[in-house]
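These notes concern the structure reproduced below.
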Amino acid sequence: MNALMTRPELRKKIALQGIAFIIVGAALIFIWNDLKKSGATHIQTSSASRVSGILPSLLSDLNLILPISLLAVLFGVACAFYLEEWLSATSWVRRFIESQVTFLTEIPSLLYGLLAISVLFSYAGVFKEIGTPSPVQDVNESGLAVVPFQRNTTMFYAEALIFILMVIPVAIKTTQEALRSVTTPIRESAYVLGANQWQVIAKQVVPLAFPSILAGGCRAMSRALAAAALLIGIHIPDHTTGPRGIPDRFMLFLGGALLLSTISSFLKKSRLETSPTATARHD
Amino acid sequence: MNYSIETENLSLWYGDFQALIDVNVKIPDGKITSLIGPSGCGKSTLLRCFNRVNERYGNVTTKGKIEILGKNIYDADVSLPELRKAVGMVFQRPNPLPISVYENILFGLRIHSPARSITRTEADQIVEEALTSVFLWEDLKDKLKVRATSLQLEQQQKLCIARLLPLKPKIILMDEPCSALDAKGTLAVEELMEVLAGTYTFLIVTHNMAQARRVSKECIYMFLGELIEHRETRALFETPQHPKTADYVQMRYG
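Order-wise, the sequence lines are chains A and B.
Letter 18 of the first sequence, counting from 1, is numbered 18 in the numbering used here, and no numbers are missing.
Letter 200 of the second sequence, counting from 1, is numbered 1200 in the numbering used here, and no numbers are missing.
Listed below in C-alpha cells is the structure:
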C-alpha cells in the first residue's frame, strides 16, 4: 500500500476496491450463467494443433492485429491528438471524453472478452456454424492436418470490432500521456520562432512523442491479444485453418503479448535517452 | 533616443488575478535592459507580452497598448509569425528542437520562406554565420549533424540564441537564460550578449542581481505587477529612489 496515504484515504480506497470487486464478480456470474444457458461452455475443442505447427497461429495473430492496428490504434492516436492539442483543458467535451476513456481503460480485458462472446452468441448468429467443431478430415503423409479453409467473414468483423472497441481507449490514453510529456517550454521554442500549430506538432511534438506513442500502441495491442486468449479457449477466433488445442494458441498469444510489451518497454527507455528532459541530469 | 518597445497602461489578467498593473515602460534601442524583482512580480509575464506568447494559455485578458518598433502589436493586421520573427525569445531551460544542429538553425528560416527556396550553399553559409556569431562554429563545425538535444547545456543555450539570428530579429527577449548554466556557461552567454548588444535590443529577466549589474545598461524593478523603478543600472543599484527598490537591491527583502 502507498505509504503516503492517510488512514481515511486508505479506508476509502479499500472500500472502493471492494465495491468494484463485487460488481465485477456479479457481472462475471451473470454472464457465465447466460453462457451456460446458451450452451457455449460445452463446446468441444479438438487437438489438431499437435500436428499443424506454428504458421497458422502466427497468421491468425496477424489477422487479428492488422485491423486493430490500422483502425483502432490510428483512430485512438488521432482522437488523442484532437483532445490534447485542439481542445482546451477546460472544454466540457474533453472532460467528458476523458472521463469515459479512463472508465473504459480500467475495465479488465476479461470482461471485454466475455462481452464479445455474449454479443457474438446473441446477435451475430455465427456461433451455430462455428460452434460445431469441424472434424479433422485428413492427416497427410507429412503429418499435417488438412482442414478446409473456413473463414467466416461476419464472425471475423464482429470479433475485430470488439477488439477495436477495447483498444481505442488504451490508445487514446497512452497517446495523451505521450503528448503531455512534451511540455509547454519545449513547445514554445518552436512557437517563438513563428511556427504555427501544425508546424509545432509536425516538427517538434511528433518527433519527441513518437516512441512513446508507438509504445502505447504496442501496449494497446498486447491488451487485445491478452483478451483474445480468452476467446481462444472457446474457439472463437478460428477464422483460419489452424491449431485447435487451447494450450498452443494460448501460449502463442501470450508470447505475442510478451514480445509487444518488451518492445514497448525498450521504446520507452530509448525515448528517455534522447529527449531534452534527459539532459536535466547533467546539471 | 529611439525606443524598441513602448507600453502604455498595460494591464494583464490571468482569469481574475491581475498580473500586470498599468505598466508604462520604454525600452531603449540596441542596449541590454534587465528586469529584476521577486518571484511572481510579473517580470516574465511582461516579457511574454512582447511576442504575444502569453495568449497561448487562454484565460488571459490584456488591456493597454504595446508598441514594438513603432507598431501596436494588438492591431488586427499584425501577423503573429512576423511579430515573432522580429522578436526572438530564449528560455530558462535550453530548448533546441529534437533535430540536428544544422536544421535547428535553419528551422526558423524554413518556416518563414517558401519550400525549397534556400539553396544548399546559402544554407551552409547561414549556419556558419549564425554559429560563428555565438562562438560555437569552432566547437560544432564537425558536429552539425548531431542531434541538438545531445549537446552540452551551455552549447544548447548558445544554439538557442544562434537559431534566432538568421531571422534577423530586432529584439531578443531572455527569460532567465543562465539559470540552468554553471558559472562558465553564464560567463560565456553574458559575453555573447555584450558582443551582440549593438545589433540587437536585449531584454533580460534575471534573479541574479549581480548579473543584472554586470550586463545591463538599464534596469527595471518590478513588484507585485507594478513597475516601481526604471533607471540606469548603476544608479538604480547605488542610489535607488523608491524605498521598495532600496529594500530589494540592498538585500533587505527576500
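Cβ coordinates follow ideal geometry from the N, Cα and C atoms, glycine included.
Note that the structure is predicted; figures quoted are calculated from it, not measured.
In whole angstroms, what is the alpha-carbon distance linking glutamate 1226 of chain B and isoleucine 1021 of chain B?
5 Å
Taking only three categories from DSSP, how would you classify isoleucine 1073 of chain B?
coil
Using 8 Å as the threshold, is the C-beta distance between alanine 220 of chain A and alanine 171 of chain A below it?
yes
Are the CB atoms of isoleucine 22 of chain A and asparagine 1095 of chain B within a distance shorter than 8 Å?
no
Tell me whether proline 287 of chain A sits in a helix, a strand or coil according to DSSP, three-state version.
Not covered by the structure: residue 287 of chain A. The range shown for chain A is 1 to 283.
Going by beta-carbon coordinates alone, are isoleucine 1036 of chain B and tyrosine 1003 of chain B separated by less than 8 Å?
no
Return the residue from the list B/Asp1075, B/Glu1138, B/Ser1150 and B/Ala1162 that minimises the CA-CA distance to leucine 1109 of chain B.
B/Ala1162
Cβ neighbour criterion (16 or more within 10 Å) applied to asparagine 1059 of chain B:
exposed
What is the DSSP secondary structure of lysine 1084 of chain B, reduced to helix, strand or coil?
The sequence as given places arginine at residue 1084 of chain B; lysine does not occur at that position. Correct three-state label for arginine 1084 of chain B: helix.
Would you kindly work out how many angstroms separate the C-alpha atoms of arginine 1048 of chain B and leucine 165 of chain A, rounded to a whole number?
44 Å
Contacts of leucine 111 of chain A in chain B (Cβ-Cβ under 7 Å):
The contacting residues do not exist; leucine 111 of chain A stays about 38 Å from chain B at best.
CB-CB length for leucine 1173 of chain B against valine 1087 of chain B, believed under 8 Å
6 Å
Assign glutamate 84 of chain A to one of two classes, buried (16 or more other C-beta atoms within 10 Å of its C-beta) or exposed (fewer than that).
buried
Can you give the Cα-Cα distance for serine 212 of chain A and phenylalanine 163 of chain A, rounded to whole angstroms?
22 Å
Can you pull out the residues from the segment 194-210 of chain A whose beta carbon lies closer than 9 Å to at least one beta carbon of chain B?
Gly194, Ala195, Asn196, Gln199, Lys203, Gln204, Pro207 and Leu208
Quick check: threonine 1201 of chain B and lysine 1085 of chain B, are their CB atoms within less than 8 Å of each other?
no
Beta-carbon proximity check, alanine 209 of chain A vs alanine 178 of chain A, cutoff 8 Å:
yes
Report the partner residues of isoleucine 1066 of chain B according to the DSSP bridge assignment.
B/Thr1007
Any beta-carbon of chain A closer than 8 Å to the one on glycine 1088 of chain B?
yes
Min CB distance serine 222 of chain A to chain B below 8 Å
no
Flag this pair as touching only if the segment 1118-1135 of chain B and the segment 1209-1228 of chain B have three or more C-beta atom pairs under 8 Å; answer yes or no.
no
Could you say which of B/Glu1103, B/Leu1136, B/His1112 and B/Ile1066 lies nearest to arginine 1120 of chain B if we only look at CA atoms?
B/Glu1103
Restricting to runs no shorter than 4 residues, where is the alpha helix (DSSP H) found entirely within the segment 1095-1154 of chain B?
1101-1112, 1120-1133 and 1137-1140
Does the distance from the C-beta atom of valine 73 of chain A to that of valine 167 of chain A stay below 8 Å?
yes
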